[in-house]
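For reference, the structure is listed below as structure tokens.
Now the structure itself:
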């Protein structure tokens with residue numbers, strides 16, 4: 001463990017206490033502890049403005065051509081109180097990191113140079129709220145397929161017009177596949193949009209052309225001059241400056257950089273366009289996703305000019321892509337290119353740019369550069385994009401030749417606003433990053449690749465076999481059969497091996513910098529949406545067992561010896577069962593209001609099915625079987641009546657009116673703001689799941705496959721985590737840590753300052769009494785380790801709950817191999833009937849303050865039932881959902897030679913801890929039927945259920 005510097009390597013200025021270092025392939029806090037940053041993408045909904053999901057065609061083109069829409073309200077609504085509820089849930093799940101999604105369109109949709117400062121200021125407000133909840137954040141300049149108007153997200157509409165396109169004609173020419181116009185603009189049926197077909201747009205005319213112009217227009221489209229510069233420079237200057245303006249705004253806030261916003265990512269999943277393509281008459285060799293029509297680049301050129309073409313047609317099944325034959329596409333003379341009459345004298349009347357004289361509109365720009373002949377359709381230079389003009393003797397290496405120069409310009413602009421920015425490096429998917437030196441990174445970097453289980457993502461099914469996809473793409477196997485993995489154990493092992501390859505990529509290309517998986521996740525609309533009650537008369541409604549297996553396999557891959565950071569894709573506050581995340585029928589949100597379980601007596605049903613149906617009846621019964629809190633309806637008003645802890649004597653009906661004026665559930669949050677009736681309405685209360693009468697229900701209600709992503713993990717480690725595992729079925733977590741004499745010295749130095757602790761972790765009133773030793777901190781989720789989440793919660797006067805002031809437990813010491821049972825150590829709940837009161841909860845040490853359940857995630861009074869085994873000399877205490885663990889550190893002179901290993905003149909030693917739920921695991925967390933473990937048969941023990 002290094003002695004981390006107290007001054008910035010970049011500016012030479014003192015560092016704030018929450019500063020995150022990047023060294024020795026890890027994130028580190030100011031005491032030198034290894035940090036694991038894990039969380040979620042906030043949010044997939046941000047790809048489009050409010051109420052503009054990808055399936056909506058009405059007003060789509062008209063709004064774009066008029067200058068687009070404001071993105072204010074994304075990703076969270078700060079004005080109705082719902083933002084606090086969602087952020088509380090995310091923190092309650094243990095997340096400490098957010099990948100904050102923002103698009104170029106949101107910043108500059110009105111036209112070139114017309115920045116939306118209102119949205120930028122709104123973003124600053126949301127970031128401050130995230131900071132109040134203890135999150136670290138890195139900014140994600142998000143795009144898919146360039147723009148919403150080319151089938152994805154990211155760039156403003158006017159950028160496509162700047163490239164000479166007429167986007168209204170994309171569907172007719174199959175320049176892209178648009179969700180809102182599928183299968184045709186004349187007769188759209190967006191509900192029939194095939195899963196993941198959107199990704200094939202990376203190999204169609206629009207996206208391939210625009211990415212080629214963006215990264216390499218000077219080399220391959222020199223005639224494309226606009227406002228006196230090449231289209232490459234025009235697009236890059238606007239893109240970089242738009243994001244730079246946002247970075248300036250965040251910096252001007254004065255309290256966000258380095259304390260909350262720790263870095264900026266490079267462009268999300270950049271496309272390579274045609275760069276490196278060897279033969280335009282043939283398909284790209286790296287196109288793994290084949291689905292629907294599949295034109296070659298040459299055929300795309302011809303289609304874009306209105307020519308009829310017969311192209312391949314593919315399906316994608318459990319065994320991968322399969323060619324089904326051919327299909328004829330006839331644009332009937334419609335062109336994907338702008339008509340010359342749209343820009344009289346080369347000047348665009350709407351966007352005001354002036355186009356160079358050599359840039360003739362109405363013709364494919366690749367025909368303008370003599371790549372092909374539009375009269376005959378013949379490709380004149382099949383290998384036009386194969387080699388860089390500055391070195392025609394070799395094939396293009398995209399990340400080195402074109403991505404890296406762009407990134408250097410981008411990072412320089414971001415660094416001008418945020419000098420100590422951590423650069424999150426993301427090359428194209430599954431492509432190794434280029435080499436970047438210290439002048440590029442300045443000691444502040446993180447490799448941020450993406451990983452999805454592709455077979456599950458495309459087939460929407462958790463299969464009994466899979467493939468080493470990354471190994472196959474990297475040339476590890478000579479054929480597909482060698483990459484196959486059969487059986488769940490083999491699949492899980494393969495996924496772990498694949499993620500380990502990212503660690504090697506980072507070390508080889510960047511050096512000793514950490515790795516964070518920027519996107520990882522699983523679809524929830526598996527198996528014909530049966531979890532939504534769409535199959536078998538609702539038999540599987542609310543059952544996310546298969547999704548939980550798939551997601552656990554992916555997140556387990558980040559554990560083991562990898563100890564990877566991650567941000568799951570995604571959390572969408574407006575997800576619903578019909579349209580998913582609101583973008584191209586993707587449905588990966590960890591939470592959905594359509595998954596809120598109904599309460600007995602409700603006049604409405606929350607799971608998106610008719611209240612009188614058999615499915616609704618089943619779920620009401622299921623709700624009772626889980627002993628979820630009830631609410632009733634007032635027949636006079638036909639509206640739900642709030643539970644006692646969410647109602648007030650006045651007429652405001654705010655979710656927050658029960659707070660005392662001088663008490664606050666979160667640092668920096670004004671209770672007067674939170675108690676404002678306009679902040680948290682009844683509608684907000686129910687649509688966000690805030691009406692739960694206990695913390696367990698708040699954390700699980702509406703969550704999908706919650707048992708997989710809410711998992712124990714070390715937040716901050718004295719030393720280096722070398723092995724960790726979590727078995728959901730047994731609620732069994734194991735962690736091994738390597739500590740050295742250097743760690744002992746670093747901790748001694750840091751302890752003297754007495755300023756270091758995990759960011760966002762509440763400081764106990766006992767911290768100063770326990771001495772100055774700095775602990776390892778482990779997140780222990782209530783979801784898996786609750787003392788008893790199912791017993792009825794009595795009123796406070798009937799509760800056996802004790803206030804924190806009544807309890808001052810000593811640290812617990814262990815001998816090797818011994819076990820210690822702990823049940824809610826800070827609340828001293830000593831028997832199985834102890835419960836958490838529904839209304840009186842101590843939040844962040846504020847004594848008797850009243851708070852709704854959703855506001856208690858950070859409180860210390862979380863009843864957990866734990867059996868702990870740890871290495872000799874271990875001591876621990878429980879602080880809410882965080883276990884603080886102390887263990888002996890090695891000295892310079894070894895006491896027991898055979899228990900230590902010498903490395904680089906330092907003595908190293910291993911420490912371990914094992915945490916299980918006392919009384920057995922909680923079963924059925926992902927199935928909708930949650931129950932406590934009972935005596936199992938031999939076969940149940942041998943093959944435990946999820």
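Numbering (full-length UniProt numbering), first residue to last: 1 to 946.
By construction, the Cβ of each residue, glycine as well, lies at the ideal position given by its N, Cα and C atoms.
Per the DSSP secondary-structure output, residue 309 pairs in a beta bridge with 329. Relative to the Cα of residue 715, the nearest Cα in the group 323, 780 and 511 belongs to 780.
When Cβ pairs closer than 8 Å are counted between the two stretches, the region 305 to 319 is seen not to touch the region 139 to 153, the count staying below three.
Nearest to residue 878 by C-alpha distance, out of 889, 866, 888 and 870, is 866. DSSP places residue 263 inside the beta strand (DSSP E), whose first and last residues are 261 to 265.
Residue state for residue 157 is assigned as helix, using DSSP reduced to three classes.
In the three-state DSSP reduction, residue 405 falls in the helix class (H, G or I). At least 7 Å separates the beta-carbon of residue 379 from that of residue 284.
Across the structure, residue 286 and residue 741 are spaced so that their CA atoms are roughly 48 Å apart. Under the DSSP assignment, residue 565 falls in the beta strand (DSSP E) whose first and last residues are 565 to 568. Judged by beta-carbon spacing, residue 429 lies beyond the 7 Å limit of residue 196, meaning their Cβ atoms are not closer than that value. The region 911 to 919 makes contact with the region 725 to 733; the number of CB pairs closer than 8 Å reaches 3 or more. DSSP, reduced to helix, strand and coil, places residue 114 outside both helices and strands of the structure shown, so it counts as coil.
Closest in alpha carbon position to residue 552, among 505, 538, 492 and 566, is 492. Counted as a single uninterrupted DSSP element, the alpha helix (DSSP H) harbouring residue 170 occupies residues 170 to 173. Between the alpha carbons of residue 425 and residue 585 lies a gap of roughly 28 Å. Within its own chain, the residues whose Cβ lies closer than 6 Å to the Cβ of residue 193, once the five positions on either side in sequence are excluded, are 179, 182 and 585, listed in chain order. Taking C-alpha positions only, residue 177 is separated from residue 439 by approximately 41 Å. No Cβ-Cβ contact shorter than 7 Å links residue 99 with residue 515. A Cβ-Cβ separation of about 5 Å places residue 911 in contact with residue 737 under the 8 Å criterion.
In this structure, DSSP gives residue 556 a helical state, which the three-state scheme calls helix. Separation of residue 246 and residue 331 (C-alpha to C-alpha, rounded to the nearest whole angstrom) is 41 Å.
Exclusion of the five residues before and after residue 15 leaves 6, 7, 8 and 30 as the residues of its chain whose Cβ lies within less than 7 Å of its Cβ. Beta-carbon to beta-carbon, residue 42 and residue 452 are separated by about 18 Å, too far to satisfy the 8 Å threshold. Annotated three-state conformation of residue 60 is helix, per DSSP. In the DSSP secondary-structure assignment, residue 519 is bridged to 450. When the Cα atoms are used, residue 413 and residue 295 turn out to be separated by approximately 38 Å. Residue 55 is a Cβ neighbour of residue 579, given a cutoff of 7 Å. Segment contact: the region 102 to 109 against the region 233 to 247, three or more CB-CB distances shorter than 8 Å; contact assigned. Here DSSP, grouped into helix, strand and coil, assigns residue 526 to helix. When the Cα atoms are used, residue 480 and residue 393 turn out to be separated by approximately 32 Å. When C-beta atoms of the region 505 to 514 are compared with those of the region 10 to 27, three or more pairs fall below 8 Å, so the two segments count as touching.
Judged by DSSP secondary structure, residue 245 falls within the alpha helix (DSSP H) whose first and last residues are 231 to 253. According to the DSSP secondary-structure assignment, residue 40 is paired through a beta bridge with 98 and 568. Cβ-Cβ distances below 7 Å link residue 216 to 232, 275 and 402 in the same chain, with the five nearest sequence neighbours on each side left out; the list follows chain order.
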